[in-house]
Amino acid sequence: MKLIYEVNDRIARITINRPEAMNAMDADVYAELSRAWIDVRDNPDVWIAIVTGAGDKAFTAGADLKSFIPGTRGKADFWLTQKNMILNRGLEVWKPIIAAVNGYCLAGGMTLLFATDVRIAAEHAVFEISEVKRGILPGNGGTQRALRQLPYAIAMEMLLLGRRLTAPEALGYGLVNRVVPMKDLMATAEEYARRLCDNGPLALRAVKELAIRSQSVPLEHGLRLEESFQEFLRTTEDAKEGPRAFAEKRKAAYKAQ
């Protein structure tokens, strides 16, 4: 299996499983990833997702260039059929997504990373937007999200020169949340997932959607959108359970309802 997808205790775990190829993503992997992300979006038993790569060398080296020859009809057809089915290319998943970066995060791996919300990196992880070195464009959000998530000069250096960041540098620029030893990587990601699961799931999804949508609208529009989300959340059972649990000094039993 080129991709492993498991759901337990409200957490979906997605593992790109091509360690022999630096977890590079061919058409099969992209198709399986699409199905996984759609299940994360639609499955009521999934509240949080973790994505990682198999082994300890690579998160993912991006698209498998051997299987995608630029200019071929097959490549064009693939991207047309996958539109709005890939997380970093239009598929909207408002449930929080954690990236556990276990090594090289290159090219399309970076665009996948940009579409996640919490990022834990192993100490040996490296980050590079390398497409221009191959004469191609860092698409699927690469040119758009890099400048939204990194300082301008650093983003442009990565986009134009393919500058490589170490894990400590990525932490310093705010690209990742934590840098940990490889042996602690998945345990740390799981800890974050469990902490997120302790919060109101509908509130988490609303916060994520508001934060992302508000980046491209004027403040007054964002405030109105926030108010409408707030009004909706007030009608939910979870919004009643949270204050009730606080008053009763117990852990809230949220149901995403």
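Residue numbers (my numbering): 92 to 348. Ideal placement from N, C-alpha and C gives every residue a C-beta, glycine not left out. These figures come from a predicted structure and were not determined experimentally.
In the DSSP assignment, find the unbroken alpha helix (DSSP H) run with residue i in it and report its ends.
i	result
A294	292–304
I245	243–252
A278	276–288
V120	118–133
T143	Here T143 belongs to no alpha helix (DSSP H); instead the beta strand (DSSP E) covers 139–144.
T234	233–240
E260	258–263
Do you know offhand how far residue i's Cα is from residue j's?
i	j	result
P135	C288	13 Å
Y283	A103	13 Å
T172	Y121	With a pLDDT of only 49 at T172, under the threshold of 50, the placement of this residue in the model should not be trusted; the figure read from the coordinates follows. So the two alpha carbons sit approximately 11 Å from each other.
S319	L310	14 Å
G194	A261	13 Å
A149	T234	22 Å
E214	R304	32 Å
A152	A258	16 Å
G226	A347	46 Å
E123	G181	16 Å
T279	H312	37 Å
K331	A343	10 Å
I129	K340	37 Å
K93	I105	11 Å
S125	V308	28 Å
W170	A206	Residue confidence is low: W170 scores 47 on pLDDT, short of 50, so the model does not pin down where it sits. No coordinate-derived value is stated.
Does the Cβ-Cβ distance between residue i and residue j come in under 8 Å?
i	j	result
N268	V209	yes
L241	E219	no
L293	T326	no
R132	V98	no
Could you give the first and the last residue of the continuous beta strand (DSSP E) run that contains residue i?
i	result
V98	94–99
Y195	195–197
A212	209–213
R269	269–271
T149	Correcting the residue type first, residue 149 is Ala in the shown sequence and not Thr. That run of the beta strand (DSSP E) goes 149–151.
How would you call residue i, buried or exposed, if buried means at least 16 neighbouring beta carbons within 10 angstroms?
i	result
A167	Unreliable placement is indicated for A167, whose pLDDT of 49 sits below 50; the coordinate value is still reported in the next sentence. With fewer than 16 Cβ atoms within 10 Å of its Cβ, A167 is classed as exposed.
L251	exposed
G144	buried
V217	buried
E111	exposed
L256	buried
M249	buried
Y345	buried
A127	buried
Under 7 Å: does the beta carbon of residue i sit that close to some heavy atom of the ligand ATP?
i	result
L182	What this structure holds is no ligand at all, so the ligand ATP is not there to describe.
Between residue i and chain C, is the shortest Cβ-Cβ distance under 8 Å, so that the two count as touching?
i	result
K186	The structure shown contains no chain C; it holds only a single protein chain.
Open item on the list: Closer than 8 Å is the cut-off here; do at least three beta carbon pairs connect the segment 108–122 with the segment 292–299?
Closed with: Segments in contact, no.
Open item on the list: Would you call the segment 181–192 in contact with the segment 134–142, where contact means no fewer than 3 C-beta pairs closer than 8 Å?
Closed with: By the Cβ criterion, the segment 181–192 is in contact with the segment 134–142, since at least three pairs of Cβ atoms, one from each stretch, lie closer than 8 Å.
Task: Segment contact, 8 Å Cβ cut-off, at least three pairs: the segment 194–207 with the segment 226–235 - done: The answer is yes - the segment 226–235 touches the segment 194–207, with three or more Cβ pairs under 8 Å.
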